[in-house]
Amino acid sequence: MSIEVLMKEFQDVAYNPGKQLADFKAQGKKVIGVLPYYAPEELVYAAGMVPMGIWGTNKKTIVRAKEYCATFYCTIAQLALEMLLDGTMDGLDGLITPTICDTLRPMSQNFRVAIGEKIPCIFLAHPQNRFADWGIQFCMDQYNDVKAGLEKIAGHEISNEAILDAIKVYNKSRAARREFVKLASDHCDVVTPTLRSAVLKASFFMLKDAYTEKLTALNEELKKLPVCDWKGVKVVTSGIICDNPALLQIFEENNIAIAADDVAHESRAFRTDAPEDEADGIKALALQFKAQDYEVLLYDPQSNQNRRGEFVANLVKESGAQGLVLFMQQFCDPEEMEYPYLKKALDAAGVPHIKLGIDQQMRDFGQARTAIQAFADVLG
Amino acid sequence: MAKEVSPGVKALRKVVDDVHADARKAKAEGKLVGWSSSKFPCELAEAFDLNVMYPENQAAGIAANRDGEIMCQAAEDLGFDNDICGYARISLAYAAGKRAARKFDPETLEYIIDPNSGKPLKDENGQVVIDEATGKPKKDPKTQSPYTVLVDIHEIEAMPDSPLKDKYWESIKPYRQMRIPQPDFVLCCNNICNCMTKWYENIARMCNIPLIMIDIPYNNTVEVHDSNVAYVRAQFDNAIHQLEELTGKKFDEEKFNRACANANRTASAWLRVCDYLQYKPAPYSGFDLFNHMADIVTARGKVEAAEAFELLEKDLEQAIKEGTTTTPFPEKYRVMFEGIPCWPKLPNLFKPLKQNGVNVTAVVYAPAFGFVYDDLDGMARAYYKAPNSVCIEQGVDWREGICRDNKVDGVLVHYNRSCKPWSGYMAEMQRRFTADLGVPCAGFDGDQADPRNFNEAQYDTRVQGLVEAMEQNAKNKAAKEG
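For the record, the sequence lines run as chains A and B. Throughout, the working numbering is defined as the position within the first sequence, counted from one, plus 16. Throughout, the working numbering is defined as the position within the second sequence, counted from one, plus 1279.
Here it is, written out as structure tokens:
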């Protein structure tokens, strides 16, 4: 299949999750909505159900969710609630609600209350002290609770073998996405920021084996192309999410390619594999969570160092980018809290950056356009 | 003239003053001083005789002293977004070495008085003296203060020794919260919020000091399950091990048990003090409880705090006998104040309540800090239950319990711009309060520390609306009762 056809298919999926949900339901599959961050999707897959990521939407406005939230909450969470209230996600058979940030804590309650009996909620609270045996054990306890909730919805047990198999499927998918990110940089003339985003976003709305098969095919096609001689500039993107085509289009207008990313919705979600040499599937998933690092949402025991800032600065250098664009999600404390030290590390490494305030209800990107244009001029 | 306060209140003030003075003394003697989140198990630090200061309490004090805005702005200048919790911003600015200070002339070393500061000058008849030149009231020079400016302790430290340098040190505002020692270690427990995790990591990084972390993941059930208890118990052990390494001392179980006994005794006395708000009329205002928060946060593991609350209890017993109250107006309505108060705007919060005879007779801090436990598992369960770590059912149950016991007529809800976890499910809670208790609720927008997020006009209107609804409720009730 040609690159164009594959890209088109990924775009169709990425921009039409409602259709995906309807198609899965028509196939008789059960679908579980998975909110950010770090839910063990493998368990959903192992249960023979379909996990679909819920990271808000760029197409809706907050109306019904106002009954539950004050204005100062991240739009990803508010729009997720909006879609639960307006019927968009009525087809879901269950919902996993992690609680790693201060918005998701109370929102887990709002989700549960707002959807009532309609969709069962599966609660998840990750441990921040996730390194010692007792931290791993707590994570396993939580994942076992999630597993039990999923088994109830699926109507059958989830075997350890099925989890181990799901881990392999997911590791393969993560490896394919990591490879794609590199290929997207090498072939940034073909894989524009908009297309790159669509390919990665589609992973949240497909079964991972089918997704990986398609992505591997795309990667193979990309490998056949000569590495492009890019005349524009390259940046690393950072933030929670930057999937708005209207915003990414501005990158293209200014010949800005994405060399790599430190985005929660993109690389942060597939940076870390689960070990395949661990016989206990639940433990393997807890060990994966333990290994998550350089993350604004998670506790860093070596917090007197600036590890995360330096990691991102190195990512810029190693990826061959000339600068970093930070998409600062409005009302996101974890991102905001880590900004001064990210800036410090970037400045120390001589990496220029810009910070763009965004939220999912933004429709006018005039200010962002001006900032991106000016940044491209500086880098170019 | 300062308001006459009861022996219990005086004792409580002394406890907090002493905690601060001890920490300053310890620092001067080269001993370790830590900073701790408000609901970190203080029993652990007490077992090692450590001096500990509490940034949340400090930030509230700084905000109440009207320096919240300048400190918040200082944090913003360091790159921290103005969306971040005001307490965190104040604390991070302080950790970075920023201080609110009194402006002075570097030549003369004299303070430069802000002409807009101070209270109006009154003549011998108590009449405000008008300045003939401007037509405006004259200010009483005795009440005027210098302009507030920001200084940086690291910059002062780097100056050569001189009277100017000494003056800079002296110019730092003299109230205790602006004079707490820089930390040698930090104790973080994120049961209050997850913002705490990154806040304390930032302090650890700024000051290059160790961080001891006790993580309390959010809980979705009223019960705290054994799995959660085991996780927290293991973290207690880990924290003890880290404190042993930090101090070079062995864990003193006897001191620890004593601290636990003190904490339980303080909490019990605190709860009994809170329960005096059940009397109608109440012998004091819930706003006074906010002031005693400093004790329950900074000293609940100390016997002096327990004794001071017990003394206050006696004062209240006496007040009930005598039928007196410290509330400076007749109590017409009783409300629960939901959330942390807007510290920089306490007088503004109080004004329309006073005008309408509304007394605050219930605050959520009563159950939130009134936890008593029997053993280590109980202690883990107790620390699992903070205002923002419990599920909506537990949160509603706490609040409706005190609303019933303290006989409230309405609920005033602070949508606190600084506190996402607290404000995040208040809309649903409001609906439940009204459905379950039949009381009206009114919400207003504000902030615990940043005065820029409080709109007085909106607040006044909302209080007025609440009063009207309570009035109507009272009329309906009276009509029903015939």
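Don't be surprised by glycine CBs; every beta carbon is placed ideally from N, CA and C.
Less than 7 angstroms separates the beta-carbon of Gly-1347(B) from that of Asp-1729(B). Only residues of its own chain outside the window of five on either side were considered, and among them Ile-48, Val-50, Val-66, Pro-67, Ile-112 and Leu-166 have a CB closer than 8 angstroms to the CB of Val-60(A), listed in chain order. Beyond the five residues adjoining it in sequence on each side, Val-1669(B) comes within less than 7 angstroms, by CB distance, of Asn-1498 in the same chain, given in chain order.
Listed in chain order, the positions of the stretch 1695-1714 of chain B with a beta carbon within less than 7 angstroms of a beta carbon of chain A are Arg-1696, Lys-1699, Pro-1700, Ser-1702, Gly-1703, Tyr-1704, Ala-1706 and Glu-1707.
Per DSSP, the continuous beta strand (DSSP E) segment holding Leu-1490(B) begins and ends at 1490-1493. Listed in chain order, the alpha helix (DSSP H) elements of length 4 or more contained wholly in the stretch 241-295 of chain A are 261-269. Pairwise C-beta distances place the stretch 349-359 of chain A out of contact with the stretch 219-238 of chain A, as fewer than three of them are shorter than 8 angstroms. Using a CB distance below 9 angstroms, the part of the stretch 111-127 of chain A facing chain B consists of Thr-113, Thr-115, Ile-116, Cys-117, Asp-118, Thr-119, Leu-120, Arg-121, Pro-122, Met-123, Ser-124, Gln-125 and Asn-126, ordered along the chain. Closest in C-alpha terms to Gly-1618(B), from the list Ala-1706(B), Asp-1715(B) and Gly-1602(B), comes Ala-1706(B). By the 16-neighbour rule on beta-carbons within 10 angstroms, Ala-1546(B) is buried.
Taking the beta carbon of Gln-345(A) as reference, no residue of chain B falls within 7 angstroms; the closest one sits roughly 10 angstroms away.
Taking the C-beta atoms as reference points, Ser-254(A) is found no nearer than 7 angstroms to Leu-395(A).
Taking 7 angstroms as the Cβ-Cβ cut-off, the stretch 1342-1371 of chain B approaches chain A at Leu-1357, Gly-1358, Phe-1359, Asp-1360, Asp-1362 and Ile-1363, given in chain order. For the stretch 90-140 of chain A, the continuous alpha helix (DSSP H) assignments of 4+ residues that do not extend past its boundaries occur at 91-101 and 120-131, in sequence order. In this structure, the straight-line span from the alpha carbon of Gly-1340(B) to that of Tyr-89(A) is close to 27 angstroms. Residue contact with chain A for Cys-1474(B): present (Cβ-Cβ distance below 7 angstroms to some residue of chain A). Looking at Glu-1403(B), Pro-1394(B), Ala-1736(B) and Tyr-1447(B), the one whose alpha-carbon comes closest to that of Thr-1413(B) is Pro-1394(B).
For Ala-361(A), no CB of chain B lies under 7 angstroms from its own CB, so it is not counted at the interface with that chain.
The stretch 1310-1322 of chain B and the stretch 1598-1611 of chain B do not touch, with fewer than three beta-carbon pairs separated by less than 8 angstroms.
Counting C-beta atoms within 10 angstroms of its own C-beta, Pro-209(A) has 16 or more neighbours from the protein chains shown and is therefore classed as buried.
With respect to the 7 angstroms criterion, Gln-1423(B) and Gly-1405(B) are not classified as neighbours on the basis of their beta carbons. Taking 7 angstroms as the CB threshold, Met-17(A) stays off the interface with chain B. The C-beta distance from Asp-277(A) to Val-197(A) rounds to 7 angstroms, short enough to meet the 8 angstroms contact threshold. For His-142(A), the chain B residues whose Cβ falls inside 8 angstroms of its Cβ are Pro-1496, in order along the chain.
Counting of Cβ neighbours within 10 angstroms places His-1520(B) among the exposed residues, the total staying below 16. Inclusion of Gly-1744(B) and Ala-1714(B) in the CB contact set at 7 angstroms is not warranted, their separation being larger than that value. In the structure shown, the three-state DSSP call for Val-1295(B) is helix. As a beta-bridge residue in DSSP terms, Cys-1468(B) pairs with Ile-1493(B). With a cutoff of 7 angstroms on beta-carbon distance, Tyr-1510(B) and Phe-154(A) are scored as near each other. For Leu-372(A), the enclosing beta strand (DSSP E) stretches over residues 369-374. Assignment of beta-bridge partners to Tyr-1694(B) by DSSP yields Asp-1724(B). Fewer than three pairs of CB atoms, one per stretch, sit closer than 8 angstroms, so the stretch 1444-1454 of chain B makes no contact with the stretch 1291-1311 of chain B. Under the criterion of beta carbons closer than 8 angstroms, Lys-250(A) and Ala-337(A) qualify as touching, at roughly 4 angstroms. A distance below 8 angstroms between beta-carbons, with the five flanking residues on each side excluded, links Pro-1609(B) to the following residues of its chain, in chain order: Pro-1560 and Gly-1636. Put simply, the backbone Cα of Leu-1311(B) is about 22 angstroms away from that of Pro-1453(B). Under DSSP, the beta-bridge partners assigned to Leu-342(A) are Ser-254(A) and Lys-371(A).
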